[in-house]
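Okay, so the sequence shown: first residue is 297 according to our numbering, each after it adds one.
Every residue, glycine too, gets a C-beta built ideally from N, C-alpha and C.
Heads up: the structure comes next, in structure tokens.
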Amino acid sequence: MLLRLEQRPEVSKSMVYASPLIAVVLTILTAMVMFALLGVDPVKAIATFFIEPISTLDGLAELCVKATPLILIGVGLALGFQANVWNIGAEGQLIIGALAGGGLALAFYDHSSIFLVPAMLVSGVIGGMAWAAIPAWLKTRYNTNEILTSLMLTYVGLLVLSYLVHGPWKDPEGQNFPESRLFHESALLPILIDETRLNVGWLLALLVVVAGWLLISRHIIGFQIKVIGMAPMAARFAGFKEKRLIWLTLLISGGCAGLAGVIELSGAIGQIVPSISPGYGFTAIIVAFLGRLHPVGVFFAGLLMALTYLGGDSAQITMNMPNAVIGVFQGMLLFFLLASDVLIRYRVRIGPHKVQAEVAE
297 MLLRLEQRPE VSKSMVYASP LIAVVLTILT AMVMFALLGV DPVKAIATFF
347 IEPISTLDGL AELCVKATPL ILIGVGLALG FQANVWNIGA EGQLIIGALA
397 GGGLALAFYD HSSIFLVPAM LVSGVIGGMA WAAIPAWLKT RYNTNEILTS
447 LMLTYVGLLV LSYLVHGPWK DPEGQNFPES RLFHESALLP ILIDETRLNV
497 GWLLALLVVV AGWLLISRHI IGFQIKVIGM APMAARFAGF KEKRLIWLTL
547 LISGGCAGLA GVIELSGAIG QIVPSISPGY GFTAIIVAFL GRLHPVGVFF
597 AGLLMALTYL GGDSAQITMN MPNAVIGVFQ GMLLFFLLAS DVLIRYRVRI
647 GPHKVQAEVA E
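Written out as structure tokens, the structure reads:
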């Protein structure tokens, strides 16, 4: 029996949405084989990963907390990727946005105000946009590759964070630990469900999903983004301003990442620490592609990727498995997603090629 790929006459719209589901199924099956080889009950391991973390109200709330930054960043990146603007530095933009908002919380530590949290959120957005503006300016002015510049700026952001928590922003009463003082209650996001960590950041993520859907589906800017991504020459002929769209998509993605950073600080963490994010900015790249670069798809993909974080923590506690299993799951998911995308333009056939069969006759 011979398996071969045969090119489709046109792109399969059904496979565009089916391939992520195929990738998820293949990831789960491969993970079960991996667990079996490690001497772990695969059924129990999968249940620990994907069922136990969300079997309680607290687990569902924690899922939303973990998904919030992934959804926020994923929506911003998806808009840019549709325009072939490759922002790979969302992790750095998250950090700078968090520092911008967190710095405001520390500056007004002794001043209680209902306007502090909104001001922090706005500062976070501005911080992320400012960090994304650097690769945008280099791209539009000198045609510098935004992949490299945005990625390298991530490490600059990490160094800035390290300097601040080890230096001027270190808690003077923190027994020399590299972290800031705890935020004042007025600098913390309101909690939506008592005795959980779910805060209004989740509502902001939902709002960004809706806004992203309206922009990409109902606004002329969304139409321009899609055209310039699919047919750059046609976009230029139609008079679309490519540089303006580069600036717009990078600023949007940077602002979303900065907002995610502030929400992490004022919601889940409550202070500035050396590790604000476990890699949300990079994981959101997988989220964007798993969600087919569509805000609604990003929403569901963000929930799935958040579940891998919770599942990894659960497996580490209950089954004594290494935390690296989270990265393994995410890596396999990306691999199978890229592999399954082949089915969008090709179909699997069984048997020899038609030409070969005719020659044989």
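Exercise. Can you name the residues that DSSP bridges to N495?
Worked result: I487
For this session: Mind the definition here: the segment 346-364 touches the segment 547-567 only if three or more C-beta pairs lie below 8 Å; say whether that holds.
Result: yes
Exercise. From R477, G453, V421 and V452, pick the residue whose C-alpha is nearest to that of Q464; which is it?
Worked result: It is Pro, not Gln, that sits at residue 464 in the sequence shown. The shortest C-alpha separation from P464 is found at R477.
Exercise. What residue from I517, I516, R493 and L546 has the CA that sits closest to L353's CA?
Worked result: R493
Exercise. Can you name, in chain order, every residue of its own chain whose Cβ lies under 8 Å from the Cβ of A530, other than the five neighbours on each side?
Worked result: V523
Problem set entry | Contacts around P338, its chain only, beta-carbon distance under 7 Å, and the 5 residues preceding and following it disregarded | M328, F331 and A332
Exercise. Where DSSP assigns a beta bridge to I646, which residues make up the other side?
Worked result: L299
Exercise. Given G355, which residues of its chain have a CB within under 8 Å of its CB, disregarding the five upstream and five downstream residues?
Worked result: E348, P349 and L606
Exercise. Between the C-alpha atoms of E654 and Q378, what's the straight-line distance to the nearest angstrom?
Worked result: Note that E654 scores 44 on pLDDT, short of 50, meaning its location in the model is unreliable; the coordinates nonetheless yield the value given after this. Computed Cα separation, rounded: 43 Å.
For this session: Run the CB neighbour count on Y576, radius 10 Å, all protein chains shown included, and call it buried at 16 or more, exposed below.
Result: buried
Exercise. Is it right to say I521 is buried, meaning 16 or more other beta carbons lie within 10 angstroms of its own, or is it exposed?
Worked result: buried
Exercise. Which class does A656 belong to by DSSP, given the choice of helix, strand or coil?
Worked result: Because the pLDDT at A656 is just 44, under 50, the model does not fix this residue reliably, and the value given afterwards should be weighed accordingly. Helix, per DSSP.
For this session: Evaluate contact between the segment 618-625 and the segment 304-319, counting only Cβ atoms and requiring at least three cross-stretch pairs below 8 Å.
Result: no
Exercise. Between I582 and the rest of its own chain, which residues show a CB-CB distance below 7 Å, the 5 nearest in sequence each way excluded?
Worked result: M601, Q626, L629 and L630
Problem set entry | DSSP-derived helix/strand/coil call for P658 | With the chain represented from 297 up to 657, any question about residue 658 goes unanswered, as that position is not in the structure.
Problem set entry | Three CB pairs or more closer than 8 Å across the segment 384-393 and the segment 445-453 | yes
Problem set entry | Cβ neighbour criterion (16 or more within 10 Å) applied to F533 | exposed
For this session: Tell whether a beta-carbon distance below 8 Å holds between A391 and L454.
Result: Correcting the residue type first, residue 391 is Ile in the shown sequence and not Ala. Cβ atoms of I391 and L454: closer than 8 Å.
For this session: Report back the beta-carbon spacing between G557 and I572 to the nearest angstrom; my notes put them in contact at under 8 Å.
Result: 6 Å
Exercise. Looking at the unbroken alpha helix (DSSP H) that takes in E387, where does it start and where does it end?
Worked result: A386 to A403
Exercise. When you compare each of L599, N616, L368 and R641 to A357 by their alpha carbons, which one comes out closest?
Worked result: L599
Problem set entry | Cβ neighbours of S595 in the same chain (closer than 6 Å, five flanking residues each side left out) | In the sequence on display, residue 595 carries Phe and not Ser. Around F595: I367 and V505.
For this session: Ignore the nearest five residues each way along the sequence and tell me which others in A319's own chain have a CB closer than 7 Å to its CB.
Result: L629, F632, L633 and S636
Exercise. In angstroms, rounded to a whole number, what distance separates the CA positions of L603 and S351?
Worked result: 12 Å
Exercise. At least one CB of chain B closer than 8 Å to the CB of S513: is that the case?
Worked result: Among the protein chains of the structure shown there is no chain B, as only one such chain exists.
Exercise. What is the C-beta distance between L395 and V456, in whole angstroms, given that I count them as a contact (C-beta under 8 Å)?
Worked result: 7 Å
For this session: Would you give the residue range spanned by the alpha helix (DSSP H) that K435 belongs to?
Result: L412 to Y438
Exercise. Thinking C-beta only, is L298 closer than 8 Å to A644?
Worked result: Before going on, a small fix: residue 644 reads as Val here, not Ala. Contact flag unset, no.
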